[in-house]
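For reference, the structure is listed below as structure tokens.
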Amino acid sequence: MTQIKKQNLAFVDVETSGLDAEKHEVIQIGCVLVSQDWTGDKPKFEMIEELELKIKMERPEDAQPEALRINGYDPAAWLFAYNLPEAMKIFAEKTKDAIMVAHNVAFDYSFIDKAFRKAGVENKMHYHKLDTISIAFAKLHDVHDVDKFSLHYLCAHFGIENKKAHSALPDARATFEVYKKLMSL
Numbered sequence: 001m002t003q004i005k006k007q008n009l010a011f012v013d014v015e016t017s018g019l020d021a022e023k024h025e026v027i028q029i030g031c032v033l034v035s036q037d038w039t040g041d042k043p044k045f046e047m048i049e050e051l052e053l054k055i056k057m058e059r060p061e062d063a064q065p066e067a068l069r070i071n072g073y074d075p076a077a078w079l080f081a082y083n084l085p086e087a088m089k090i091f092a093e094k095t096k097d098a099i100m101v102a103h104n105v106a107f108d109y110s111f112i113d114k115a116f117r118k119a120g121v122e123n124k125m126h127y128h129k130l131d132t133i134s135i136a137f138a139k140l141h142d143v144h145d146v147d148k149f150s151l152h153y154l155c156a157h158f159g160i161e162n163k164k165a166h167s168a169l170p171d172a173r174a175t176f177e178v179y180k181k182l183m184s185l
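Residue numbers (the UniProt record's numbering): 1 to 185.
Here's what the structure looks like:
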């Protein structure tokens with residue numbers, strides 16, 4: 001079995017203070033850590049742990065109000081949030097050697113990478129990354145009723161409930177559920 005099929009998977013979602021990784025900040029990281037077993041007819045996935053990290057903004061004046069509204073930012077809920085170095089140390093240890101999986105992985109990884117560099121913390125994840133949008137397109141592009149690949153749309157297509165969309169851990173959970181459905185096709 002190839003090494004990539006032995007790595008744990010880290011289903012990651014970030015909530016941010018805006019859309020520009022160079023200007024805006026990660027304010028929440030959700031992660032579902034999963035083991036994978038490809039020895040049978042169909043792959044099997046088992047959840048190891050879930051992680052949710054709220055991170056204090058260092059530059060709230062740079063935040064986009066619309067981004068904060070969408071992801072439900074409330075200063076009171078972030079009162080006891082981690083500072084960036086603390087959060088990234090925890091995240092690095094939990095995701096060591098895991099392959100990052102995200103819905104639009106380029107977006108999430110750009111913020112995660114910037115956060116690691118800014119915090120001065122080593123990113124210990126495996127260098128491979130998987131994108132559920134790309135996987136969905138590859139597996140569903142010729143299915144006539146599938147013409148959108150947003151997390152919301154794919155959840156609806158597969159009958160996956162995500163009551164708290166645009167919150168990091170619920171979106172990471174939804175991404176994991178979408179991935180399982182895609183891998184079973």
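Where a beta carbon is used, it is the ideal one built from N, C-alpha and C, also for glycine.
CB contact flag (residue i, residue j, <9 Å)
i           : j    : result
L130        : I99  : yes
G30         : E52  : yes
Y179        : F11  : yes
H24         : Q64  : yes
A67         : G18  : yes
N71         : T16  : yes
A156        : Q28  : no
E58         : K114 : no
residue 255 : K54  : In the structure displayed, the chain extends from 1 to 185; residue 255 sits before or after that span and is not available.
D89         : W38  : Checking the displayed sequence, the identity of residue 89 turns out to be Lys instead of Asp. It is not a contact, given that the beta carbons lie outside the stated cut-off.
V121        : A136 : no
Presumed contact (8 Å Cβ cut-off) between residue i and residue j, rounded CB distance
i    : j    : result
H126 : Q7   : 5 Å
F111 : V26  : 5 Å
N123 : A102 : With 8 Å as the limit, N123 and A102 do not qualify as a contact, their Cβ atoms being about 14 Å apart.
T175 : L151 : 7 Å
T132 : L182 : 7 Å
D13  : D171 : 4 Å
Residue i in three-state terms, based on DSSP
i    : result
A156 : helix
D41  : coil
D74  : coil
F11  : strand
T16  : strand
M47  : strand
L169 : helix
E52  : strand
K5   : helix
L84  : helix
S184 : coil
A102 : strand
L79  : coil
Y179 : helix
A174 : helix
A21  : coil
Residue i Cβ short of 8 Å to the ligand COA heavy atom set
i   : result
G40 : Judged by which ligands are present, the structure shown has none, so any question about the ligand COA falls away.
Where in the region 112 to 163 do unbroken runs of the beta strand (DSSP E), each at least 3 residues long, occur, reported from the N-terminal end onward?
129 to 131
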